[in-house]
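The block underneath contains the structure these notes are about, expressed in structure tokens.
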Amino acid sequence: MSAFKKVLLPVAAIAVVVGGAAYWFMKGGPIDSSSPAASAEVVPDEALMATFIASDAKGWDQLQQFGTPEAQKFVGQGVQSFQASLLKGSQLNYDKDLKPWVGNVMVAVLPSASEGTQQSDTLLVVGIKDKVRALAFANQAKSQPGVQTQESDYKGIKISATTQKDQPNSTIYSAVLSDRLVLAHKKATVEQAVDTFKGAPSFADKSGAARLMATGVDVENPIAQIYLPNYGTSVKQLIANSPQASQIPPQSMQQLDQVESLVVGVGVDDSGLRVKAKAKAKPQATAMQYKPVPGKVVAAFPTDTIALVTGQGLKAAWTTMVEQSQNVPQSQIVVDTVRQQLQAVNLDADKEVFGWMDGEFGLGAIALNQGVLSSVGFGGVLVLETSDRATAEATLTKLDAIAQKNFMRVAQRNVDGKTITEWKLPQQESVLGHGWLNQNSLFIAVGSPLIDGMTAPAKQPLDQSAAFKMVTSSLAKPNAGYFYLDMDKIMAVMNTSLLKTQTSSITPETTAMLNSIRGLGITVTQPDKTTAQVEMLLALKPKAVSLK
């Protein structure tokens, strides 16, 4: 796509001129080129994947309502620079000459049409939403310098080969197919699009693709949608066609084959940028293990939590990995390594570690400004629910003994009626502590202030905080847990701790973008037995909010 970035729109302009602007303009009435299915009508059915990018102003205008003034400034400069690079060497203006007629865009990846090469081909389908403005632009583009064009006829359709004189390897082939302009680096790819336009099987006719485009994913103001109707086959071929990609072992390929299709939607709503990805498994695939998480563990964390991962059933996850390790070498390496490392300290990974972790869990990073970890800026807390407290306590007793043998001082104390076990370095404060929040909930905290803080119910629990609600309240429920980031608190930690030395390498543009983000929330749901959906919200600050 990098080559397309440099010459796409200038070439599109010339293509409209020499590709027969009068031909498509004088042909019959307009067709609906505004939908993914309409664009897919000229994409060959062997396409591995297709991405539909909406030019509708609603979604993009909504996105412009977010961001700090600094971020708005950098984004505006970036857009202007991008538009200028597209039209470099011409007297054309993007907003005046191109934007009025350029419609939605579909980018399709096809198997190579050339013999002797595996590299995938890319086909662009650009909707023409205003024929009159496009024809006016075509007439204006005729006088642009530095462009050489040759025409050829293919089944009654003119194909234009356009080359910039100072870039002899930049040839783009294009043709106008009714209300759509198709472009590719290879003539054979454009010819395939013409064949499809003339009646050959299209991506829109493909059963899996047609279903994906008809159902899609539910996002407000969609700005992009990605379709992979034959997920396993497409991913394998894309990997095979990419010289830089690492080859996947046969066992992993078999796992890819269990996924039938994938569709991704990107939209903009009042909260920010939302992404939903829906994967459908093949009927014969191994049944997915899914159990909604109650979400009670979130309340055990304080409001100054900067990052959190929650879920349920580490025991089941470990069991699944052990089963997969019989056929997947990479999983076998992980399983063997974990078992060996724990066996070295006389712990059985299957029984004494993962065997009792059958309830909810939460792993969080919490901001700290006191204690030995204050220079780092945060500590950590792990909360585990179990139905087998006896085994959990036996494991903790073993761990305490190991700590004592390694120069740690292990001692117990009573805090608000709860027995807390602490690990201390000689002449130092506690670095780790563990105890029970209730009959079934264990906590392990790293950082002295957090040990004391976890013994009593949080005065301001995370699940009641405005930041957490804002990021997670609109995510699908019930779900398998959350991945949560509070970007304001993360940036505060980075600016006041040892991590500040790392921020010096971050550009002002990146800092401005990060300061425009409120938080990130991700969750997974299972609408039915064969479908898994991932939802991500990048919560953004309204542009009226400025970070001080």
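Here the working numbering is used: the sequence shown runs in plain steps of one and ends on residue 611. Ideal placement from N, C-alpha and C gives every residue a C-beta, glycine not left out. As the structure is a computational prediction, the values presented were derived from the model and not from experiment.
* **Outcome for Lys121 when other beta-carbon atoms lying within 10 angstroms are tallied against a minimum of 16** => exposed
* Given 8 Å as the limit, is there contact between the region 529-543 and the region 377-397, that is, 3 or more CB pairs closer than that? -> no
* Asked: Just how far apart, CA to CA, sit Ile580 and Leu548?
  -> 10 Å
* Quick one, which of Asp281, Leu377, Met112, Val322 has its alpha-carbon nearest Phe615's? -> The requested residue 615 is not part of the displayed model; the chain covers only 64 to 611.
* Is the beta carbon of Ala575 sitting closer than 8 Å to the one on Phe129? -> no
* In its own chain, which residues sit with a C-beta less than 7 Å from the C-beta of Asp367, not counting the 5 before and 5 after it? -> Ile429, Ala430, Lys552
* To do: Could you tell me whether the Cβ atoms of Gly335 and Leu601 are closer together than 8 Å?
  => yes
* To do: Taking all protein chains shown into account, decide if Gln288 is buried (16 or more other Cβ within 10 angstroms of its Cβ) or exposed.
  => buried
* Where Lys606 and Pro132 are concerned, what is the direct C-alpha to C-alpha distance, given to the nearest angstrom? -> 6 Å
* **Reduced DSSP secondary structure (H/G/I, E/B, other) of Met599** => strand
* Asked: Between which two residues does the beta strand (DSSP E) carrying Ser324 extend?
  -> 322-332
* **8 Å Cβ cutoff met for Pro520 and Met276** => no
* Asked: With C-beta atoms as the reference, is Leu26 less than 8 Å away from Gly427?
  -> Residue 26 is absent from the model: the chain starts at 64 and stops at 611.
* Asked: Considering only residues of the same chain and omitting the five flanking positions on each side of Gly209, which have a CB-CB separation below 7 Å?
  -> Gly152, Gln227, Lys228, Asp229
* Ordered along the chain, which non-local residues of its own chain (more than five positions away) have a Cβ less than 7 Å from that of Ala85? -> Legend: pLDDT at Ala85 = 25, less than 50; position of this residue unreliable, value from coordinates given subsequently. Correct list: empty, nothing qualifies.
* **For Val444, the nearest candidate out of Gly516, Val587, Ser537, Ala251 (CA to CA)** => Gly516
* In terms of DSSP beta bridges, what is Val476 paired with? -> In the sequence as displayed, the identity of residue 476 is Arg instead of Val. Per DSSP, Ile483.
* Where Ser493 and Ser511 are concerned, what is the direct C-alpha to C-alpha distance, given to the nearest angstrom? -> 5 Å
* Between the beta-carbon of Lys250 and the beta-carbon of Ala224, is there less than 8 Å? -> yes
* **Terminal residues of the alpha helix (DSSP H) in which Gly443 lies** => Careful: Gly443 lies outside any alpha helix (DSSP H), inside the beta strand (DSSP E) at 441-448.
* To do: Starting from Tyr217, follow the beta strand (DSSP E) in both directions and report where the run begins and ends.
  => 210-217
* Would you call Gln211 buried or exposed, if buried means 16 or more other Cβ atoms sit within 10 Å of its Cβ? -> exposed
* Among residues of its own chain, excluding the 5 on either side of Ala110, which ones have a beta-carbon nearer than 7 Å to its beta-carbon? -> Ala171, Val172, Leu173, Phe266
* **Beta-carbon proximity check, Gly330 vs Glu283, cutoff 8 Å** => yes
* Rank Asp216, Tyr157, Pro292, Ala342 by C-alpha distance to the C-alpha of Lys592 and give the top, closest one. => Ala342
* Distance, Cα to Cα, Val439 vs Gln352? -> 38 Å
* For Asn21, count neighbouring C-beta atoms within 10 Å of its own C-beta (all shown protein chains included) and say buried if the count is 16 or more, exposed if not. => With the chain running from 64 to 611 in the structure shown, residue 21 is simply not present.
* Is Lys339 helix, strand or coil when you go by DSSP? -> strand
* Asked: Can the beta-carbon of Phe424 be found less than 8 Å from the beta-carbon of Val446?
  -> yes
* To do: Can you tell me which of Leu538, Lys604, Met550 puts its alpha carbon nearest to the alpha carbon of Ala340?
  => Leu538
* Asked: For Phe546, which residues does DSSP report across the bridge?
  -> Val372, Ile585
* To do: Given a cut-off of 8 Å, decide if Met169 and Ala103 are closer than it, judged by their beta-carbon atoms.
  => yes
* Might you give, ordered along the chain, the residues of its own chain that have their beta carbon closer than 8 Å to the beta carbon of Asn613, omitting 5 neighbours on each side? => Summary: the structure shown does not reach residue 613, with the chain confined to residues 64 through 611, and so no result is reported for it.
* What distance in whole Å lies between the Cβ atoms of Gly544 and Gln375, which are believed to be in contact at a cut-off of 8 Å? -> 7 Å
* To do: Put Phe531 into one of helix, strand or coil per three-state DSSP.
  => helix
* Assign Leu603 to one of two classes, buried (16 or more other C-beta atoms within 10 Å of its C-beta) or exposed (fewer than that). => buried
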